[in-house]
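Chains as they are written, first to last, in this note's numbering: chain A, 5 to 443; chain B, 6 to 490.
All C-beta atoms, glycine included, are put in the ideal place defined by N, C-alpha and C.
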Amino acid sequence: MAKQFPYIGNSEIEQEAILEYLGIKSAEDLFVDIPKEYRDSNLSEIPSSISEMQLVEHLTLLSEKNINPNPSKSFIGAGAYHHYIPSTVLSLAQRGEYLTSYTPYQAEVSQGTLQVTYELQSLITELYGMDVANAGMYEGGSSLAEAALMACRVKNIYKVACLSTIAPRYKEVLRSYLAPQSIEIVFMDTNDVDMKKDEYACLIVQYPNFYGSIEDMRALSDTAHKSNSLFVVSADPLAAVMYKAPGDYGADIVVGEGQGLGIPISFGGPYIGLFACKSEYLRQMPGRIVGKTVDKRGDSAFVLTLQTREQHIRRERATSNICTSEALMGLMMTIYVATLGKSGLQQVASSCFHNAHYAAEQISQIDGFELINSQPFFNEFVIACPISPKIINKKLIEVGIIGGLDISDQIDNGILFCFTEIHSKESIDSLVDNLKHVN
Amino acid sequence: MSEYNKMPLLMDLSRKDKFGVSLSDIDVPLSELPESSLLREDIQLPELSQLDVVRYFTNLSQMNYSIDTQFYPLGSCTMKYNPKINDQLASLKGFSNIHPLIEESLVQGSLELMFNLQSYLSNISGMTATSLSTMAGAQGELAGVLMIKAFHEKQSTSSKRNVILIPDSAHGTNPASASMAGFSVKSIPSDQNGNMDIDVLKENANENLAGIMLTLPSTLGLFDNQIVDICNIVHEAGGLVYGDGANMNAWMGQTKLGDLGFDVIHINLHKTFSTPHGGGGPGSGPVCVNDTLLNYLPGPVVQRNSNVYEFVEMPDTIGHLGAFHGNFGVLVRAYCYIRALGKEGIPEVSKNAVMNANYIMNKLKHAYDIGFDNRSICMHEVVFTARKQKQNGVKGLDIAKRLLDYGYHAPTMYFPLIVDEALMVEPTESESKNTLDKFIDAMLQIADECENNSELLHEAPHNTPVQRLDEALAARQPNLKWSTK
Ligand SMILES: Cc1ncc(COP(=O)(O)O)c(C=O)c1O
């Protein structure tokens, strides 16, 4: 008997029955449209099939070649965050009814996904203080790039202003998305924003910025609006639980990374890009949107709506090419927020704030370590160290601590530290103790 | 059934001072808060007990159709079985708890997995190299056309090659991606066999041609047997050939697009390589290139240097399209799928996918017309047209909705656009003849209903949690979030 594969539905007997029905001897006859000389099944790079047990063994070994992760001893953030994820999130999001369904085009049999998405949109608008939100983009970086493209469409101006304090990785994504459409990006220092009227489609600001600081949002928003540009904010949704929502400052488009709200850090993905805007720009928004309506009986129900913006209808004139995005991550975020609830989320934000501020104070008391941030911050800050961050991080690793992100390419001997509710006084004190002895 | 429709929202269930998980107390000395003008006054979020949360999301889930519960013959989407073990392994702490920016020497396991996956995908597609960083099919497409653009610009800074040709049967993301890359899009018609109209291609193979975006097999489920000629015509005119790999389930282990003349393709791991769709993502859309475009791959790419793995950027890279390294959790699942099947299993997948589609086509071709009926075989999917049923006043939509009553997910409707009343059925290799036979019975019964009881179809579905929706109302009066009290 030929080898059987558990993911293939037909037994050999069934395969033969199908061939017999089709009146052919072998499945080869079904591939005759492929030019004969191009029939090629050489898969020499791929090992032979292995059992499920061998697979578990193999992947476990591979995962053990990575550092043994201990989030409470890890102090790196910079756009991806270690947080505690309650049991409800994975156990509910792994339900096959969510996990193995497609995009909810058939609304009658997709009310689960659709209603969750409506909840997600609601949560995003509340967190950001905005009118409307979509069902999510790939992740924070591309979400910001799409916001810039949208601003250009809205204003019909193909030049954007951007604070130089946004994440370097976000700058890179912006360039990759904007340059091909010949959109110029002008980076400006926070204290030196100079925008002529009608010159820029938008001003882009990160909140808190890459270095952890809260920018002067009121002034920046005024500057953008005075020059007839949109105010585009890339905001940490958790920071916006404690600090004012970007919408409170009159932001026109708000985007951000949703990973911190219940999504595993997973070496960088899958995450979810959040995307919200003022309702006047709704029809320029990229991505899917779920709306509430009624069914034939008049009962309320949910459906994908405003689809004439999207690629499957509008094709080359669509607001974006995005199709499959990150629905499952949106589900996880929704379960996370529902589980923590108002008080829980406020406590997590508060815990991030206090842990970070305690740590900043302790670290900056060590000889030679200096806190760089002069503006208020949330849960990240920059420390200028007396010696190279490379050496410091190496020594920390020896005692099982993952230090902050080395940003000495931007700030002399700079490390960007991050603290969340996952840390305790004990873990922070242990970091501080070890920093005392690196010199 | 009607209680389903009254599924309350989180905010309706919310009661003051409830919460669903206990958190650790803050144990550091409290710091002074920033001035209050910077702080938020209030936020409206749901307040629920843990059981409230569990019941809410469990009940909602039961209003979905899914692969785990139903046959899901959704054409172009490759709704195959998503192995459970792959989810488990992607959740191993050594993968799921790793920060993306820690030093490469500490994440050699993840990099080794990515390196091997790159080489497996290059091998299957017949390409030189692969970047795993793009996060869905459409983003892979964007990366592909951006590479084509960068290539022409490198050849000549004053390149006038600004036209991308796209067959009229193409998926909407193709033209949308080309225009996001700053190209102008020109559509090429299909001939009466569902192949590309070569004469129109030749007319457009000129000094403005940047490239062509092809789907193979086409979205009609047909393998264009002129493919090698098409690639040659484009190359001779100085253009490059992009392949939309969404339909790879038809050909993996049977042929290689790299050999056929494609310069770049994207692969949908969330289709061909069994990673779950999650109700609309996460996906992953790696791009594979030949030597011509090798230097342009989006970053990062994993390389091996004397048994040490590291992230590198290609010299002429189009840059990064995301902040980190792509959807790693999805990559783990695709890697597991390939290792479980091995080189022996992969050709069996495409073979069974194609056999199953042909079985359905032949069983149903007397009841439903086929989009392009002068082809006797299809690849992994078959596109029917409801033009016969239309004479009884029944639309493709009605048939699709009626299938929901029979407990099947609907086929893809009204795509590709060039087939009237299209119903696109893709069974995948996961399904057995047994399941297909029951589905075929349902389709035949529905064909019968079209003739004898068409009212039933206009009103369908009848047995689902909700009935047909007022889509016009949704668009006219957008209600996109709950209102806070
Ligand atoms: C033929 C084809 N091309 C491209 C895509 C886009 O892929 P994605 O949804 O992953 O962006 C799809 C699926 O949606 C497709 O069916």
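**Message:** Within the continuous alpha helix (DSSP H) that includes His358/A, where are the two ends?
**Reply:** In the first sequence, residue 358/A corresponds to position 354, counting from 1. Element bounds for His358/A: Ala331 to Ser368.
**Message:** Just to confirm my understanding: we take Glu476/B, look at its own chain, exclude 5 residues before and 5 after, and list those with CB closer than 7 Å. What are they?
**Reply:** Position 471 of the second sequence, counting from 1, holds the residue named residue 476/B. Closer than 7 Å at the Cβ level, and outside the excluded window around Glu476/B, lies no residue.
**Prompt:** Going by C-alpha distance, which of Asp22/B, Asp321/B, Ala242/B and Asn200/B is nearest Asn211/B?
**Reply:** For this step, residue 211/B is matched to residue 206 along the second sequence. Comparing Cα-Cα distances from Asn211/B to each of Asp22/B, Asp321/B, Ala242/B and Asn200/B, the minimum goes to Ala242/B.
**Asked** Got a list of residues with beta-carbon closer than 6 Å to any non-hydrogen atom of ligand 1, in chain order?
**Response** Residue selection by CB proximity (closer than 6 Å to any heavy atom of ligand 1) returns Cys327/A, Thr328/A, Ser81/B, Ala141/B, Gly142/B, Ala143/B, His176/B, Thr178/B, Thr220/B, Thr224/B, Asp249/B, Ala251/B, Asn273/B, Gly288/B and Gly290/B in chain order.
**Message:** Looking at chain B, is there any beta carbon in it that lies within less than 7 Å of the beta carbon of Cys327/A?
**Reply:** Indexing the first sequence from 1 puts residue 327/A at position 323. At a cut-off of 7 Å between beta-carbon atoms, Cys327/A makes contact with chain B.
**Request:** Identify the contact partners of Arg45/B in chain A, using a Cβ-Cβ distance below 8 Å as the criterion.
**Result:** In the second sequence, the residue the question calls residue 45/B occupies position 40. Within chain A, the residues near Arg45/B are Ala244, Val245, Met246, Tyr247, Lys248, Ala249 and Asp252.
**Prompt:** Closest Cβ-Cβ distance between Lys163/A and chain B: below 7 Å?
**Reply:** Residue mapping note: residue 163/A aligns to position 159 of the first sequence, counting from 1. No, because no Cβ of chain B sits closer than 7 Å to the Cβ of Lys163/A.
**Message:** Any beta carbon of chain B sitting closer than 7 Å to that of Gly144/A?
**Reply:** Locating residue 144/A in the first sequence gives position 140, counting from the first residue. The beta-carbon of Gly144/A is placed less than 7 Å from the nearest beta-carbon of chain B.
**Item:** Neighbouring residues, chain B, relative to Ile333/A (Cβ below 9 Å)
**Value:** Numbered from 1 along the first sequence, position 329 holds the residue referred to as residue 333/A. In the sequence under discussion, the amino acid at residue 333/A is Met, which differs from the Ile named in the question. Near Met333/A (Cβ distances below 9 Å), the residues of chain B are Gly283, Gly286 and Pro287.
**Request:** Entirely within the stretch 82-142 of chain B and at least 4 residues each: give me those alpha helix (DSSP H) ranges in chain order.
**Result:** The qualifying runs are 89-95, 98-101 and 113-130.
**Request:** In the DSSP assignment, find the beta strand (DSSP E) that holds Val292/B and state where it starts and stops.
**Result:** Taking the second sequence and counting its residues from 1, the one referred to as residue 292/B is at position 287. For Val292/B, the enclosing beta strand (DSSP E) starts and ends at Val292 to Val294.
**Prompt:** Thinking just about the alpha-carbon of each residue, which of Ala391/B, Lys443/B and Gly347/B is nearest to the one in Ala427/B?
**Reply:** Taking the second sequence and counting its residues from 1, the one referred to as residue 427/B is at position 422. Closest option to Ala427/B, Cα to Cα, is Ala391/B.
**Prompt:** With 16 as the cutoff for other CB atoms within 10 Å, does Ser392/A come out buried or exposed?
**Reply:** Your numbering for residue 392/A matches position 388 in the first sequence. When all chains shown are included, Ser392/A counts as exposed.
**Request:** Establish whether the CB of Ile107/B and some CB of chain A are separated by less than 7 Å.
**Result:** Numbered from 1 along the second sequence, position 102 holds the residue referred to as residue 107/B. Yes, its Cβ sits closer than 7 Å to a Cβ of chain A.
**Message:** Closest to Gln472/B by C-alpha separation, out of Asn325/A, Asp303/A, Asn443/A and Ser378/A, would be which residue?
**Reply:** Walking along the second sequence from the start, residue 472/B turns up at place 467. Out of Asn325/A, Asp303/A, Asn443/A and Ser378/A, Asp303/A has the C-alpha closest to the C-alpha of Gln472/B.
**Message:** Is Cys293/B close to chain A? Criterion is C-beta to C-beta, closer than 7 Å.
**Reply:** Within the second sequence, the letter at position 288 stands for residue 293/B. With 7 Å as the cut-off, Cys293/B does not count as an interface residue toward chain A.
**Request:** Note down the Cα distance separating Ile193/B from Leu219/B, rounded to an integer number of angstroms.
**Result:** The sequence position of residue 193/B within the second sequence is 188, counting from 1. The sequence position of residue 219/B within the second sequence is 214, counting from 1. Within the model, the alpha-carbon separation for Ile193/B versus Leu219/B is close to 11 Å.
**Request:** Taking a Cβ distance cut-off of 8 Å, strictly less, list which residues of the stretch 116-144 of chain B are near chain A, in chain order.
**Result:** Answer set for the stretch 116-144 of chain B: Glu117, Leu118, Ser124, Tyr125, Ser127, Asn128, Ile129, Gly131, Met140, Ala141, Gly142, Ala143 and Gln144.
**Prompt:** Between which two residues does the alpha helix (DSSP H) containing Thr390/B stretch?
**Reply:** As a first step, residue 390/B must be located in the second sequence, where it is residue number 385. Counting along the chain, Thr390/B falls outside any alpha helix (DSSP H), though it belongs to the beta strand (DSSP E) covering Val387 to Thr390.
**Request:** With a 10 Å radius around its C-beta and 16 neighbouring C-beta atoms as the bar for buried, classify Val317/B as buried or exposed.
**Result:** As a first step, residue 317/B is located in the second sequence; it is residue number 312 there, counting from the start. Looking at its Cβ environment, which holds fewer than 16 other Cβ atoms inside 10 Å, Val317/B is exposed.
**Request:** Report the residue from Tyr253/A, Ile218/A and Ala342/A whose alpha carbon sits nearest the alpha carbon of Gln379/A.
**Result:** One-based indexing of the first sequence puts residue 379/A at position 375. With distances taken between CA atoms, Gln379/A lies nearest to Ile218/A out of Tyr253/A, Ile218/A and Ala342/A.
**Request:** To the nearest angstrom, report how far apart Asn438/A and Gly114/B are at their CA atoms.
**Result:** As a working mapping, residue 438/A is identified with position 434 in the first sequence. As a working mapping, residue 114/B is identified with position 109 in the second sequence. About 27 Å.
**Message:** Just to make sure I have the definition right: I need the residues of chain A whose C-beta is within less than 7 Å of the C-beta of Lys98/B. Which are they?
**Reply:** Counting from one through the second sequence, the residue named residue 98/B turns up at place 93. Listed along chain A are Pro73, each with a C-beta nearer than 7 Å to that of Lys98/B.
**Asked** Less than 7 Å separating the beta-carbons of Lys248/A and Arg45/B?
**Response** Translated into positions along the first sequence, residue 248/A becomes position 244. Translated into positions along the second sequence, residue 45/B becomes position 40. Going by C-beta atoms, Lys248/A is nearer than 7 Å to Arg45/B.
**Request:** Measure the beta-carbon distance from Ala139/A to Arg292/A and round it to whole angstroms, keeping in mind my assumption that it falls under 8 Å.
**Result:** Within the first sequence, residue 139/A is the residue found at index 135, counting from 1. Within the first sequence, residue 292/A is the residue found at index 288, counting from 1. With a Cβ gap of about 4 Å, Ala139/A and Arg292/A count as contacting.
**Asked** Can you check whether the CB of Tyr340/A is closer than 7 Å to the CB of Leu265/A?
**Response** To locate residue 265/A, count along the first sequence from 1; it is residue 261. To locate residue 340/A, count along the first sequence from 1; it is residue 336. Cβ atoms of Leu265/A and Tyr340/A: closer than 7 Å.
**Request:** Run the CB neighbour count on Ile17/A, radius 10 Å, all protein chains shown included, and call it buried at 16 or more, exposed below.
**Result:** Working through the first sequence from its first residue, we reach residue 17/A at position 13. With fewer than 16 other Cβ atoms inside 10 Å of its own Cβ, Ile17/A counts as exposed.
**Request:** Report the partner residues of Glu504/B according to the DSSP bridge assignment.
**Result:** The structure shown has nothing for residue 504/B, since chain B only spans 6 to 490.
**Asked** Quick one: is Ser67/A buried, meaning 16 or more other Cβ sit within 10 Å of its Cβ, or exposed?
**Response** As a position in the first sequence, residue 67/A is number 63, starting the count at 1. By the 10 Å Cβ count, Ser67/A comes out buried.
**Prompt:** In the DSSP assignment, what are the bridge partners of His422/A?
**Reply:** Here residue 422/A is taken as the residue at index 418 of the first sequence, counted from 1. Before going on, a small fix: residue 422/A reads as Cys here, not His. For Cys422/A, which the question treats as bridged, DSSP gives the partners Glu384/A.
**Prompt:** Considering only C-alpha positions, which residue in the set Ala479/B, Leu35/B and Gly199/B is nearest to Thr297/A?
**Reply:** As a working note, residue 297/A is residue 293 in the first sequence. Residue nearest to Thr297/A within the set Ala479/B, Leu35/B and Gly199/B is Ala479/B (criterion: CA-CA distance).
**Against chain A: residues of the stretch 157-178 of chain B by CB proximity under 7 Å** = So the list reads Gly177 and Thr178, given in the order they occur along the chain.
**Prompt:** Mind pulling the chain A residues with CB within less than 8 Å of Ala447/B?
**Reply:** Mapped onto the second sequence, residue 447/B falls at position 442. Per Cβ cutoff of 8 Å: no residues; Ala447/B is ~15 Å from chain A at best.
**Prompt:** In terms of residue numbering, what span does the beta strand (DSSP E) encompassing Leu219/B cover?
**Reply:** The residue labelled residue 219/B in the question sits at position 214 within the second sequence. Leu214 to Thr220 is the extent of the beta strand (DSSP E) around Leu219/B.
**Asked** Thinking C-alpha only, which one of Val168/B, Thr162/B and Phe329/B is nearest Ala171/A?
**Response** For the purposes of this step, residue 171/A is identified with residue 167 of the first sequence, where counting begins at 1. For Ala171/A, the nearest C-alpha among the options comes from Phe329/B.
**Message:** Between Cys455/B and chain A, is any beta-carbon pair separated by less than 7 Å?
**Reply:** Residue mapping note: residue 455/B aligns to position 450 of the second sequence, counting from 1. No, because no Cβ of chain A sits closer than 7 Å to the Cβ of Cys455/B.
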